[in-house]
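Structure first, then comments.
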Amino acid sequence: ASGGPSLFRVTPDGGAPERLATPQSDEWGLVGPDVMVDENVVLFTQVSQTGTPTLGALSLTTGRSAQLVPGMSPRHDRRGHVVYVTPDGVAMMQKFDPASLTLQGQPRRVAENIAIYFGVFASYSLSTNGSMVFEARSGEGNALQLVDRSGAVRSRLLVARPGFSIAHPRFSPSGDRLAYVSSAGTDRGDVWVYSIAQGTTQRLSFEGLAADPAWSPDGRWIGYSAVGPDSGALAALYLRASDGTGRAREILRGDDHLWQMDFGSRADEIVFRSGNDLYRAAIGIDSQPVPLLETAVYEEHPTLSPDGRWLAYKSNETGQDEVYVRSYPDMGPRTVVSIGGGRAPAWSSTGRELFYVGRFRMTVAALRLDGSTPVVTGRTDLFRLDPYVPAANRNYDVHPDDQRFAIVAGQRTRMVWRVDALKDEKP
3 ASGGPSLFRV TPDGGAPERL ATPQSDEWGL VGPDVMVDEN VVLFTQVSQT
53 GTPTLGALSL TTGRSAQLVP GMSPRHDRRG HVVYVTPDGV AMMQKFDPAS
103 LTLQGQPRRV AENIAIYFGV FASYSLSTNG SMVFEARSGE GNALQLVDRS
153 GAVRSRLLVA RPGFSIAHPR FSPSGDRLAY VSSAGTDRGD VWVYSIAQGT
203 TQRLSFEGLA ADPAWSPDGR WIGYSAVGPD SGALAALYLR ASDGTGRARE
253 ILRGDDHLWQ MDFGSRADEI VFRSGNDLYR AAIGIDSQPV PLLETAVYEE
303 HPTLSPDGRW LAYKSNETGQ DEVYVRSYPD MGPRTVVSIG GGRAPAWSST
353 GRELFYVGRF RMTVAALRLD GSTPVVTGRT DLFRLDPYVP AANRNYDVHP
403 DDQRFAIVAG QRTRMVWRVD ALKDEKP
């Protein structure tokens with residue numbers, strides 16, 4: 003399966019979904035629909051391949067669609083106004099004309115510092131009487147922290163620069179360095195390497211929007227995904243020396259974006275995600291991705307055990323995200339690792355434990371791997387993830403000592419209820 007989310011509708015009593023709109027070639031997906039029932043119009047967020055959100059509108063009467071303004075999570079009130087949130091967290095209100103599918107007049111600011119998740123979902127809601135409730139963010143921004151198995155913070159490693167965010171931390175095999183992604187909004191992201199002992203940082207990637215760093219087993223190389231300067235380009239996989247010497251080289255390109263790369267026990271074999279499926283490749287040998295799992299559901303977050311014999315991943319085949327393990331590369335019978343939801347798996351250095359994000363908690367599963375099918379012998383919730391910043395990829399990593407985690411902690415948030423937030427606007 004490939005392609006991002008589309009828009010569908012279904013009757014209240016069920017039945018087959020009807021497709022309303024499909025992402026264009028330069029779009030990742032269409033999310034967050036809001037239906038103006040009286041006007042027969044759907045408002046939604048269009049997400050570009052680089053992650054930039056833009057408001058969209060679709061007439062269910064004519065089938066015509068239009069792009070409106072940069073922003074996300076549109077909502078409407080009963081007087082014909084549309085509220086949306088800009089990428090910097092400001093809620094704006096503007097009159098909407100359903101006949102022409104256009105916003106009219108000057109926008110009015112109604113709230114600030116609204117929390118945004120995954121770069122495209124703003125956390126707020128409107129009532130029918132014009133009140134507004136939203137999740138307000140505050141504090142100095144996200145930071146990379148070192149925590150133990152109890153969740154206690156042992157040290158603060160890095161704080162994001164103003165206007166930037168930190169994501170996807172990955173420890174080197176020796177545990178003395180961290181690769182991470184530094185992003186400014188949704189338009190750029192670069193891979194950097196942080197020396198824990200020296201407290202210094204070094205930029206590693208220069209290709210364009212980059213993500214998902216992964217260390218080779220010997221620590222000499224870092225692989226990552228990068229889209230490149232062309233916003234319509236597909237993300238390819240790159241490899242560069244971890245000390246920053248030499249030039250990065252493209253190692254694989256496919257018919258869709260290549261993301262979430264991981265090495266196993268060998269530096270010449272990788273697993274990764276393309277579209278919604280999982281693949282592998284031998285560096286320098288395979289010119290196209292080799293399928294591991296190609297299904298009608300989402301498979302993500304592939305990660306190989308230290309000995310390279312087992313593949314952990316996340317799938318929504320049951321209707322909710324769960325973590326699974328299969329033998330690799332033959333992809334034998336799956337073992338369900340998580341219960342009640344799970345994602346973002348990470349192996350311990352011994353391979354006998356698998357960490358994952360459960361229901362608001364960091365969870366670890368003990369595994370017995372002495373047969374052809376893994377057996378889960380126990381599960382333990384380690385600590386709550388209240389400060390954890392969610393991301394499309396795994397936003398934490400396990401230190402090689404298996405006792406500490408690098409975790410991205412975000413700004414503090416609080417719920418704000420603003421009565422009559424929209425009432426000042428004249429109809």
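Using this note's numbering, you'd call the opening residue of the sequence shown number 3 and step up by one each time. C-beta atoms are modelled at their ideal positions from N, C-alpha and C, and glycine is treated no differently. Note that the coordinates shown come from a computational prediction; the quantities given were computed from them, not determined experimentally.
Problem set entry | arginine 111 versus methionine 94 - alpha carbon distance | 5 Å
Exercise. Shortest alpha-carbon distance to threonine 297 belongs to which of Ile285, Ser276, Leu313 and Ser307?
Worked result: Ser276
Problem set entry | For threonine 247, the nearest candidate out of Met417, Arg222 and Leu387 (CA to CA) | Measuring from the Cα of threonine 247, the nearest candidate turns out to be Arg222.
Problem set entry | CA nearest to the CA of glycine 34, picked from Tyr119, Thr64 and Arg80 | The shortest C-alpha to C-alpha distance from glycine 34 to any of Tyr119, Thr64 and Arg80 is the one to Tyr119.
Exercise. Of all the options Asn42, Phe166 and Ser67, which has the alpha carbon lying nearest to the alpha carbon of alanine 145?
Worked result: Phe166
Exercise. What first and last residue would you give for the beta strand (DSSP E) that runs through lysine 316?
Worked result: Unbroken beta strand (DSSP E) run through lysine 316: 312 to 317.
For this session: Pull up the CB-CB distance for valine 49 and tryptophan 30, whole angstroms please, since I reckon it's below 8 Å.
Result: 5 Å
Problem set entry | Inter-residue spacing [alpha-carbon to alpha-carbon] between threonine 305 and leucine 70 | 39 Å
Exercise. Residues in its own chain within less than 8 Å of arginine 363 by CB, not counting five upstream and five downstream?
Worked result: Counting only Cβ-Cβ distances below 8 Å, and skipping sequence neighbours, we find Asp383, Leu384, Phe385, Arg386 and Leu387.
For this session: Tell me whether aspartate 279 sits in a helix, a strand or coil according to DSSP, three-state version.
Result: strand
Exercise. Starting from aspartate 36 and walking both ways along the beta strand (DSSP E), at which residues does that stretch end?
Worked result: According to the DSSP assignment, aspartate 36 belongs to the beta strand (DSSP E) that extends over 29 to 38.
Problem set entry | Buried or exposed by the 16-neighbour rule on C-beta atoms within 10 Å, applied to threonine 54 | buried
For this session: Quick one: using the 10 Å Cβ neighbour count with 16 as the cut-off for buried, is asparagine 278 buried or exposed?
Result: So asparagine 278 ends up on the buried side.
For this session: Would you tell me roughly how many angstroms separate the C-alpha atoms of glutamine 106 and proline 100, rounded to the nearest one?
Result: 11 Å
Exercise. Taking buried to mean at least 16 other C-beta atoms within 10 Å of its own C-beta, is alanine 228 buried or exposed?
Worked result: buried
Exercise. Buried or exposed: which applies to methionine 74, given that a residue is buried once 16 or more other Cβ atoms fall within 10 Å of its Cβ?
Worked result: With 16 or more Cβ atoms within 10 Å of its Cβ, methionine 74 is classed as buried.
For this session: May I have the straight-line CA-CA distance separating glutamine 405 from glycine 191, to the nearest angstrom?
Result: 29 Å
Exercise. Is it right to say arginine 328 is buried, meaning 16 or more other beta carbons lie within 10 angstroms of its own, or is it exposed?
Worked result: That one is buried.
For this session: List the whole-angstrom C-beta distance separating valine 359 from valine 339, where the pair is believed to meet the contact cut-off of C-beta under 8 Å.
Result: Not really, about 12 Å apart at Cβ, beyond 8 Å.
Problem set entry | Proximity of alanine 411 and glutamine 147 at Cβ, strictly below 8 Å | yes
Problem set entry | glutamate 319 versus tryptophan 419: straight-line alpha-carbon distance, rounded | Cα atoms of glutamate 319 and tryptophan 419: separation of roughly 37 Å, rounded to the nearest angstrom.
Problem set entry | Straight-line Cα distance separating arginine 179 from serine 244 | 10 Å
Exercise. I think methionine 263 touches alanine 199, with their Cβ atoms under 8 Å apart; what is that distance to the nearest whole Å?
Worked result: With 8 Å as the limit, methionine 263 and alanine 199 do not qualify as a contact, their Cβ atoms being about 26 Å apart.
Problem set entry | Spatial distance of threonine 188 from alanine 212 (CA atoms) | Residue placement at threonine 188 is poorly supported in this model, since its pLDDT is 48, which falls under 50; the coordinates still yield a value, given next. Cα to Cα, threonine 188 sits roughly 11 Å from alanine 212.
Exercise. Using a Cβ-Cβ cut-off of 7 Å (strictly less than) and excluding sequence neighbours within five positions of serine 374, which residues of its own chain qualify?
Worked result: Ser329 and Gly334
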